[in-house]
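Peer 1:
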Amino acid sequence: MATDDKLTRVELLQADDESRYLLRDPLEIAHLIRMLAAERALVTAYLAPGSQSLLTMVLGLTSGEDAVLLDGSTSEAINRQVELAERITCITHLDKVRVQFSLGTPSRQTTGNGAVFSAALPTEVLRLQRREFFRLNTPVAQTVLCSIPPDTRHGIGRRVEMRILDISTGGIAVAVPPSGLALVPGMSFDGCQLKLPASEPISAQLTVRNLFRLVTRNGTEMLRAGCQFTGLPPQAEGMIQRYIMKNEKQRSALARSRH
6 MATDDKLTRV ELLQADDESR YLLRDPLEIA HLIRMLAAER ALVTAYLAPG SQSLLTMVLG
66 LTSGEDAVLL DGSTSEAINR QVELAERITC ITHLDKVRVQ FSLGTPSRQT TGNGAVFSAA
126 LPTEVLRLQR REFFRLNTPV AQTVLCSIPP DTRHGIGRRV EMRILDISTG GIAVAVPPSG
186 LALVPGMSFD GCQLKLPASE PISAQLTVRN LFRLVTRNGT EMLRAGCQFT GLPPQAEGMI
246 QRYIMKNEKQ RSALARSRH
């Protein structure tokens with residue numbers, strides 16, 4: 006899976022509890038915008054259509070608290086592109102939580118400090134806890150698979166293999182195949198098998214909890230299904246924990262060798 010800093014957009018498609026991820030109350034959204042302004046949080050803004058992005062800051066809210074104020078660029082060419090944007094996807098972090106929201110076409114204002122843009126308060130804000138969403142990413146060099154057996158309840162007529170994107174002792178996230186499998190939160194699958202490197206297959210029951218669409222900087226899209234283990238045996242949990250620790254050690258050693 007692409008890591009947090011490589012994702013330009015994360016879209017929640019379905020979840021068993023959307024309130025864990027989405028803010029929709031205007032008062033709560035306005036409060037969050039004020040917090041971002043107070044923390045002077047840096048925001049990466051992606052302009053659509055096109056591939057232009059800029060680093061900016063949330064300056065606060067308009068006097069009526071119905072619009073967001075964004076700092077403009079020192080480049081007039083970029084400011085003109087911001088004015089023409091149909092959608093601005095803003096990504097930042099607050100207290101180690103990824104915060105993402107979309108704005109419509111902005112209006113430009115000129116102040117003594119340069120350009121400032123205002124856009125209507127977003128109708129929803131996506132918040133992702135790193136410990137919940139960005140767990141241990143499985144190494145790209147190792148294909149780690151999960152297979153789901155045939156299940157007539159869900160219209161699956163053959164065993165389906167999916168690549169595991171990240172893993173913890175609580176569950177996994179998998180890349181949903183582009184065709185042939187429609188996952189919905191609440192679906193449960195018995196007799197699934199996890200195939201970790203250098204270990205016996207792990208049998209587990211999985212329950213789908215959420216479905217996200219991920220978009221990377223190069224425009225690649227992927228469907229990601231977050232699944233929870235149900236009744237995982239202690240022996241299997243130990244195997245997963247050892248796999249995680251081994252990979253964390255390898256990553257730490259690689260990071261040290263680069264410095």
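Take any residue in the sequence shown, note its place counting from 1, add 5, and you have its number in the working numbering.
Ideal Cβ placement from N, Cα and C applies to all residues, glycine included.
Quantities reported herein were computed from a predicted structural model and do not represent experimental measurements.
(1) Does the count of Cβ pairs from the region 222–239 and the region 23–35 closer than 8 Å reach three?
(2) How far does the beta strand (DSSP E) with residue 213 in it extend, from its first residue to its last?
(3) Here's the rule: buried if 16 or more other CB atoms are within 10 angstroms of the residue's CB, otherwise exposed. What is residue 103?
(4) Could you pull out every residue in the same chain whose Cβ sits closer than 7 Å to the Cβ of residue 45, ignoring the five residues on either side in sequence?
(5) I need the DSSP call for residue 39, collapsed to helix, strand or coil.
(6) Would you kindly work out how many angstroms separate the C-alpha atoms of residue 73 and residue 128, rounded to a whole number?
(7) Assign residue 157 to one of three DSSP states: helix, strand, or coil.
(8) Is residue 209 closer than 8 Å to residue 260 when the C-beta atoms are compared?
(9) Out of 198, 217, 256, state which residue places its alpha-carbon closest to the alpha-carbon of residue 181.
(10) What are the residues that DSSP puts in a beta bridge with residue 92?
(11) Pull up the DSSP beta-bridge partners for residue 229, would you.
(12) Return the Cβ separation of residue 66 and residue 92 in integer angstroms, given the expectation that the two are a contact with Cβ distance under 8 Å.
(13) With respect to the beta strand (DSSP E) encompassing residue 46, which residues constitute its N-terminal and C-terminal limits?
Peer 2: Walking through what the data contain:
(1) no
(2) As a first step, residue 213 is located in the sequence shown; it is residue number 208 there, counting from the start. It spans 207–221 - the beta strand (DSSP E) in which residue 213 sits, taken as one unbroken run.
(3) To locate residue 103, count along the sequence shown from 1; it is residue 98. Residue 103 comes out buried.
(4) Stepping through the sequence shown from its first residue, residue 45 is reached at position 40. If we look at residue 45 and ignore the five residues flanking it on each side, its Cβ neighbours are 62.
(5) Taking the first residue of the sequence shown as position 1, residue 39 is located at position 34. The answer is helix: DSSP assigns residue 39 an H, G or I state.
(6) Stepping through the sequence shown from its first residue, residue 73 is reached at position 68. Stepping through the sequence shown from its first residue, residue 128 is reached at position 123. Roughly 12 Å between the two C-alpha positions.
(7) In the sequence shown, the residue the question calls residue 157 occupies position 152. Of the three classes helix, strand and coil, the one that applies to residue 157 here is helix, per DSSP.
(8) For the purposes of this step, residue 260 is taken as residue 255 along the sequence shown, with counting starting at 1. For the purposes of this step, residue 209 is taken as residue 204 along the sequence shown, with counting starting at 1. Contact flag unset, no.
(9) In the sequence shown, residue 181 corresponds to position 176, counting from 1. Nearest C-alpha to residue 181 among 198, 217, 256: 217.
(10) Position 87 of the sequence shown holds residue 92. BP columns for residue 92 point to 53.
(11) Reading the sequence shown from its first residue, position 224 is the one you call residue 229. According to DSSP, residue 229 bridges with 180, 217.
(12) In the sequence shown, residue 66 corresponds to position 61, counting from 1. In the sequence shown, residue 92 corresponds to position 87, counting from 1. About 20 Å; that fails the 8 Å criterion.
(13) Here residue 46 is taken as the residue at index 41 of the sequence shown, counted from 1. From DSSP, residue 46 is part of no beta strand (DSSP E); its letter is neither H nor E.
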